[in-house]
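Asker:
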Amino acid sequence: MIHFHYHDVIIVGAGLAGTRAAVEVAPVADVAVISKVFPTRSHSTAAQGGAAAVLNNNLKRGVDTWLLHMFDTVKGSDYLADQNIVEYFAKEAPKAIIEMEHWGTPFSRMPDGRISQRDFGGHQRTRIAHAADRTGHALLHTLFEQSIRLGVKYYPEFFVMDLILDEEEGDYVVRGVVAYDIRTTELHIFQSKAVMLATGGGGRIYKITSNAHEYTGDGFGMIYRKGLPLQDMEFPQFHPTGLYPLGILITEGVRGEGGYLINSKGERFMERYAPDFKDLAPRDVVSRAIYTEIMEGRGVGPKKDHVLLKIDHIGKDAIMEKLPEIWKFAKTYTGVDCTKEPIPVMPTMHYMMGGIPTHHETGEVVADVGPDGEVSKVVKRLYAGGEAACESLHGANRLGANSMTDTIVFGRRVGKHMVEILDTIKIKDLPEDVGKEQEEKIKAILSRNSGEKVSKLREELQETMWENVSVFRTEEKLIKALDKIKELQERYKNVYVEDKSTTFNMELKEALELENMLNYAEALVASALFRKESRGAHSRVDYPNRDDEHFLKHTLAFKQEGKEPLIKQRNVVITRFPPQERRY
Amino acid sequence: MKATFKIFRYDPDKDKKPYYKEYTLDVEPNTVLLDVLNDIKWHYDGTLTFRRSCAHAICGSCGMTINGKNRLACQTLIKDLDTSKPIKIEPLKSYPVIKDLVVDMNKFYEKMFKVKPYLVNDNPPPGREFLQTPEEQKLIDEAYSCIWCGCCTSSCPSFWADDDYLGPAALLKAYRFIFDTRDTLTEERLRIVNDADGVWRCHVIFNCVEACPKEINITEYISRLKLKVVTSKL
Amino acid sequence: MSLYMSPKYKEQVLDRKRWFEWDYKWFWGSFAWVLHRLSGWALVFYLLLHIWVIHHLSRGPAAFDQVMQAVGTPLFKVLEIGLWGVIVYHAFNGMRVIIVDFWHGSKYQKQLFFIVLFLFVVLWVGGGIIMALHMIH
Amino acid sequence: MSFKSSGNSGAFAWFYQRITGIFLFVILLLHFTIMHFTGTGEITYENIVGRLSDPYWKMLDLSFVVFALYHGLNGIWMAIQDYVRSEGWRAVIYTILVLVGVFLFFLAAVTLIPFGLK
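Chains as they are written, first to last, in my numbering: chain A, 1 to 584; chain B, 1001 to 1234; chain C, 2001 to 2137; chain D, 3001 to 3118.
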């Protein structure tokens, strides 16, 4: 049975970006949020360190301005960020944070009662607003709770399978989404005036990641399968300090509060790689440094495959007050008491800088670019936000604490834009056969009685990505990975599930997720192969230098059935800061 | 090392009654139980169903009753369990079961919503943040870190007997707003918890505190609520 | 409620609710509470009995002595030692509950419970010996 | 009056349960000590009647009865509220508890008050 629903606005994903937009729209229109998990389980809740915004509450490193924040972000991005977007971001960030505080976020406080701020990598001022080391949790719960107050409707444990697209005046236009209810495996068609994709990133294509099990890039997959582009996918961020060996995130806040990395000789090795910023250099720099130390034999442990993060010198009380969760993670998962001994860490896949490209002004999803590198076609009323989107704020490397601010600043912007246009939109009937394709797809997977297991394929994908497409890349390895992905895509056609139940069929969901993962992994590797330079998080051993002449451009990857993905380039907007050499 | 896991199974599509199924496999003492469940699901029995997401005790998805105690699978290490006999894994007590280890938590969420879990301050906001001293913030510092996993409410004997009881999680949520210096809805919130199904159902049994994966001293906050109610003029 | 509920959800679920989950792990707090309840019930029944017995005072010495004889048997004397234990437990655990509720004692609830148990054992045994000695005399 | 909310929410019951508890803690332990340990309170008719003729003892014993009945029956009512969900049964049990309380207080009062007033 197929169910129909109408809501003015459909938001896919109940993390920070999605709920922020919902809260903006809810007072004037009927909003529904569809999420794969119950809203407070969204991965935004796992963000730890804080949200960057110029509040000037902590002046220990000097007075802060939005221009400085903008500069840090642009420099951090290795000049690949669109500077008009960064400028908007840096100017709006304080407002967005203050708004969150007014809605009840329990930020940590300065002695005089203002929001407490701490240091973070790549930021030259003390500008990270935080709620101990569970800032994401504090912000997400605040937004979810406010959205309950405003009567936002939630469809928890619904898996969105596809977008309903149509064409209008040379552009695409979105009419709704097709989803299925995980609890009953019934199909639901959602019709709406506008749709926002806030589906988050997809770190689960890697073997070791700080990302949630549910973080499988379903938005990326959905867009890419539709023949729409994904932008800058070659830049997955590796967080330098994942808890060894699980990859659980140890926030940069640890280094922000005075912690530092040491190798097997006890050296504070970041002094060599970034003489000025030391341990607070951006993540790509630190991750590369750790890998270099390990490759040169200065790793610790029996396998010499990780380094240590020392924090005990700041004192037990400070740790317990500012980093209580970190203390607990280290204690629970490795038995290390970080008030006494250093924490074993290694880089872990953490964030996708790339994603669904959006338009500079409207925030709508970009469908194509012309030969001049400018946007030529958009999907009207389809928005993207948060990690799923690539507004191109983060460029080639994101600064820590910018992503949480990103979600609320751009979630808010999408909300505001939706509010502006909603009244002008007329609803058109959906095509007759809507949902049939998805129904068939589910049936096909459930009815297949033999073939390959979902988990087998996924593990092979994760292994391949981790081996070949991690911090350091070469042409050879990337080609190997792309071939493997092609092979896996073929084998996916024969995938089967043991669980035939129509009640909470987790295996069916994993099968659908895997399809998405295999799709955007292809975009990621193809983009990485295309970019023959080293920039930000993308380090090609065979092309170690930055090449502004050819590659100061965004990469757009389009799916082509049965062929290599089509790569196009989109212009980077440079307004205030022309590219310079990047030193820390 | 070998360990046996005795897991509660129930699929409404084919089972009339729930049953337990045992899985014996090799595990490392330092593995978390969630990884063992994943291992079983991915390599031995694809039909095993449970909720999980973040894998580091912050999303609150994988609450289950493990050896008779509610906890998060992703925070339970094998070495902390007695492997000499089968490790019993059940869905959270007292909630209706959807399938295997997945429970229907709608009633739990309803109660969370009942206490109006959102800051209300309709005064015109200042041009900057509301001021709140670190001491004032400390009042709610522990209470706001609740992850809605439902372990506490499911472990509470008062809740077993009476599922109309708001339960520890909802009362903790009420505390978090009543004691937030920025909130202005204090009186109404106190009225909500001052109900036959509210704070007075708490008999300081401390099962919630034992179950809470974030180690929040929930009973303490409920006691503070009780005192606040009897000392306020309602 | 702002969460979507399919009508199908209700048919699907398995209700396994019981009024008491016997196989849930027992913690010190649950022991304290269950014992407190049981001792409370016992004391209420004793109180009813006690008032009934004492009320014979109003019927004069003969009626009182008669009823006192009935409850003065060695069996009742031994039961009285038990009663003393029940009183001590309920009284001291009651104080523990009050400390928890009024004076933020929840952090130390386990230690408080151990103190209760200690006092219970000491006072019950001590009192029991005195009562037994009275009985013999 | 809704039996679900027991007249008020339970705040009163909760608070006075503790207040009477503190009182009973003192008086009950004292009572038991006098009766069974010190040997001063051998339970004979004369002994008890003699003590009850003292107005202070009489007051103390009367308030003891009141507090004990309140504390005991209220405690039972609190437990009943946990386990009895039906409004009808609650009404029945509540009525029984009140009747038992009133009856026993009456019994105690007619026993305690007349001594020494003749």
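Backbone N, C-alpha and C define an ideal beta-carbon position, used for all residues, glycine too.
Note that the structure is a prediction, hence the values are computed from the model and not measured.
Check whether the Cβ of Asp1035 (chain B) lies closer than 8 Å to any Cβ atom in chain D.
Answerer: Along the second sequence, read from residue 1 onward, the residue named residue 1035 (chain B) stands at position 35. No, Asp1035 (chain B) does not count as interfacial toward chain D.
Asker: Using DSSP with H/G/I as helix, E/B as strand and the rest coil, what is His43 (chain A)?
Answerer: Position 43 of the first sequence holds residue 43 (chain A). The answer is helix: DSSP assigns His43 (chain A) an H, G or I state.
Asker: Would you say Phe89 (chain A) reaches chain B, if we count a Cβ-Cβ gap shorter than 8 Å as a contact?
Answerer: The residue you call residue 89 (chain A) lines up with position 89 of the first sequence. Output row for Phe89 (chain A): interface = no.
Asker: CB-CB under 6 Å to Thr407 (chain A), same chain, minus the five flanking residues each way: which ones, in chain order?
Answerer: If you number the first sequence from 1, residue 407 (chain A) lands on position 407. Correct list, in chain order: Leu16, Ala17 and Gly386.
Asker: Is there a C-beta anywhere in chain B that falls below 8 Å from the one on Lys2017 (chain C)?
Answerer: Walking along the third sequence from the start, residue 2017 (chain C) turns up at place 17. It does; some Cβ of chain B falls within 8 Å.
Asker: If you follow the beta strand (DSSP E) that Glu1022 (chain B) is part of, which residue opens it and which one closes it?
Answerer: As a working mapping, residue 1022 (chain B) is identified with position 22 in the second sequence. First-last of the beta strand (DSSP E) with Glu1022 (chain B): Tyr1019 to Asp1026.
Asker: Tell me whether Ile1007 (chain B) sits in a helix, a strand or coil according to DSSP, three-state version.
Answerer: Here the question's residue 1007 (chain B) lines up with position 7 in the second sequence. Strand at Ile1007 (chain B).
Asker: Does Lys2025 (chain C) get closer than 8 Å to chain B when you measure Cβ to Cβ?
Answerer: Against the third sequence, residue 2025 (chain C) aligns to sequence position 25. Judged by the 8 Å Cβ criterion, Lys2025 (chain C) is in contact with chain B.
Asker: Near Leu228 (chain A), which residues of its chain fall below 6 Å by C-beta distance, leaving aside the five closest residues on each side in sequence?
Answerer: The residue you call residue 228 (chain A) lines up with position 228 of the first sequence. Excluding sequence neighbours, Leu228 (chain A) sits near Ala367.
Asker: For Ile1066 (chain B) versus Ala1073 (chain B), is the C-beta distance shorter than 8 Å?
Answerer: Taking the first residue of the second sequence as position 1, residue 1066 (chain B) is located at position 66. Taking the first residue of the second sequence as position 1, residue 1073 (chain B) is located at position 73. Cβ distance < 8 Å, so Ile1066 (chain B) and Ala1073 (chain B) count as in contact.
Asker: Tell me the rounded alpha-carbon separation between Asp279 (chain A) and Phe1206 (chain B).
Answerer: Translated into the one-based positions of the first sequence, residue 279 (chain A) becomes position 279. Translated into the one-based positions of the second sequence, residue 1206 (chain B) becomes position 206. Computed Cα separation, rounded: 43 Å.
Asker: Drop a sphere of 10 angstroms on the beta-carbon of Val3102 (chain D), count the other beta-carbons inside from all chains shown, and report buried for 16 or more, exposed for fewer.
Answerer: The count along the fourth sequence starts at 1 and reaches residue 3102 (chain D) at position 102. Exposed: under 16 other Cβ atoms inside 10 Å.
Asker: Write down every uninterrupted run of the beta strand (DSSP E) in the segment 1057 to 1105 of chain B whose length is 3 residues or greater and which is fully enclosed by it, in chain order.
Answerer: Runs found: 1063 to 1066, 1069 to 1072, 1087 to 1090 and 1097 to 1099.
Asker: Among A:Lys568, A:Tyr584, A:Met404 and A:Glu487, which has the Cα closest to the Cα of Phe89 (chain A)?
Answerer: Counting from one through the first sequence, the residue named residue 89 (chain A) turns up at place 89. Out of A:Lys568, A:Tyr584, A:Met404 and A:Glu487, A:Met404 has the C-alpha closest to the C-alpha of Phe89 (chain A).
Asker: DSSP beta-bridge partners for Ala51 (chain A)?
Answerer: Here residue 51 (chain A) refers to the residue found at position 51 of the first sequence. BP columns for Ala51 (chain A) point to A:Ala129.
Asker: Would you kindly report the start and end of the unbroken alpha helix (DSSP H) that includes Thr292 (chain A)?
Answerer: Residue 292 (chain A) sits at position 292 when you count from the first residue of the first sequence. Residues Arg283 to Met295.
Asker: Using the beta-carbon of each residue, which ones in chain B are nearer than 7 Å to Ile148 (chain A)?
Answerer: Numbered from 1 along the first sequence, position 148 holds the residue referred to as residue 148 (chain A). The contacting residues are Phe1113, Pro1117 and Tyr1118.
Asker: Leu3060 (chain D) to Gly2126 (chain C), Cα distance in whole Å?
Answerer: Working through the fourth sequence from its first residue, we reach residue 3060 (chain D) at position 60. Working through the third sequence from its first residue, we reach residue 2126 (chain C) at position 126. If you take the alpha carbons of Leu3060 (chain D) and Gly2126 (chain C), they lie about 27 Å apart.
Asker: Beta-carbon of Ser1061 (chain B) versus every beta-carbon of chain C: anything under 8 Å?
Answerer: The residue labelled residue 1061 (chain B) in the question sits at position 61 within the second sequence. For Ser1061 (chain B), the answer is no, since every Cβ of chain C falls outside 8 Å of its Cβ.
Asker: Which first and last residues belong to the alpha helix (DSSP H) in which Ala2070 (chain C) is found?
Answerer: The residue you call residue 2070 (chain C) lines up with position 70 of the third sequence. Where Ala2070 (chain C) is concerned, the enclosing alpha helix (DSSP H) stretches over Pro2061 to Ala2070.
Asker: Tyr155 (chain A) touches chain C at which residues, Cβ-Cβ below 7 Å?
Answerer: Within the first sequence, numbered from 1, the residue matching residue 155 (chain A) stands at position 155. Here the neighbours are Tyr2004.
Asker: Under three-state DSSP, which class holds Ala81 (chain A)?
Answerer: Reading the first sequence from its first residue, position 81 is the one you call residue 81 (chain A). Three-state result, Ala81 (chain A): coil.
Asker: Check Asn397 (chain A) in the structure and name its three-state DSSP category.
Answerer: Position 397 of the first sequence, counting from 1, holds the residue named residue 397 (chain A). Coil, per DSSP.
Asker: I'd like the span of the beta strand (DSSP E) that includes His3 (chain A), first residue to last.
Answerer: Stepping through the first sequence from its first residue, residue 3 (chain A) is reached at position 3. Start and end: Ile2 to Tyr6.
Asker: Thinking Thr216 (chain A) and Glu440 (chain A) are a contact (beta carbons under 8 Å), I'd like their distance in whole angstroms, please.
Answerer: Within the first sequence, residue 216 (chain A) is the residue found at index 216, counting from 1. Within the first sequence, residue 440 (chain A) is the residue found at index 440, counting from 1. Rounded, the Cβ-Cβ distance is 22 Å, inconsistent with contact.
Asker: Along the chain, which unbroken stretches of the alpha helix (DSSP H) at least 4 residues long are found entirely within the segment 2021 to 2095 of chain C?
Answerer: DSSP runs (the alpha helix (DSSP H)) wholly in the segment 2021 to 2095 of chain C: 2028 to 2054 and 2061 to 2070.
Asker: Return no unless some Cβ of chain C is closer than 8 Å to the Cβ of Arg272 (chain A).
Answerer: The residue you call residue 272 (chain A) lines up with position 272 of the first sequence. No, its Cβ sits nowhere closer than 8 Å to a Cβ of chain C.
Asker: Does Thr3095 (chain D) get closer than 8 Å to chain C when you measure Cβ to Cβ?
Answerer: Along the fourth sequence, read from residue 1 onward, the residue named residue 3095 (chain D) stands at position 95. Not an interface residue.
Asker: Using a Cβ-Cβ cut-off of less than 9 Å, give me the residues of the segment 438 to 461 of chain A that come near chain G, in sequence order.
Answerer: Within the model displayed, chain G is absent; protein chains A, B, C and D are what it includes.
Asker: What three-state label does DSSP hand Gln124 (chain A) in the structure shown?
Answerer: Stepping through the first sequence from its first residue, residue 124 (chain A) is reached at position 124. The answer is coil: DSSP assigns Gln124 (chain A) none of H, G, I, E or B.
Asker: What span of residues does the alpha helix (DSSP H) with Thr407 (chain A) cover, start to end?
Answerer: Along the first sequence, read from residue 1 onward, the residue named residue 407 (chain A) stands at position 407. Where Thr407 (chain A) is concerned, the enclosing alpha helix (DSSP H) stretches over Asn402 to Ile421.
Asker: Quick one: list the residues of chain C neighbouring Trp3070 (chain D), beta-carbon separation under 8 Å, in chain order.
Answerer: Here residue 3070 (chain D) corresponds to residue number 70 of the fourth sequence, with the count starting at 1. The question names Trp, yet the displayed sequence has Tyr at residue 3070 (chain D). Those within 8 Å of Tyr3070 (chain D) in chain C number zero; the least Cβ separation is about 11 Å.
Asker: Against Glu515 (chain A), what residues of chain B qualify as contacts under a CB-to-CB distance less than 9 Å, listed in chain order?
Answerer: For the purposes of this step, residue 515 (chain A) is taken as the residue at position 515 of the first sequence. Residues of chain B passing the Cβ test: none, with the nearest at roughly 17 Å.
Asker: Looking at Ile1040 (chain B) and Phe504 (chain A), is the spacing between their C-beta atoms short of 8 Å?
Answerer: Indexing the first sequence from 1 puts residue 504 (chain A) at position 504. Indexing the second sequence from 1 puts residue 1040 (chain B) at position 40. Contact flag unset, no.
Asker: Can you list the residues of chain C that Ala1196 (chain B) reaches, using a CB-CB cut of under 8 Å?
Answerer: The residue you call residue 1196 (chain B) lines up with position 196 of the second sequence. Ordered by position in chain C, no residue passes the 8 Å Cβ test against Ala1196 (chain B), which lies about 18 Å from the chain.
Asker: Taking buried to mean at least 16 other C-beta atoms within 10 Å of its own C-beta, is Met1 (chain A) buried or exposed?
Answerer: As a working note, residue 1 (chain A) is residue 1 in the first sequence. With fewer than 16 other Cβ atoms within 10 Å, it is exposed.
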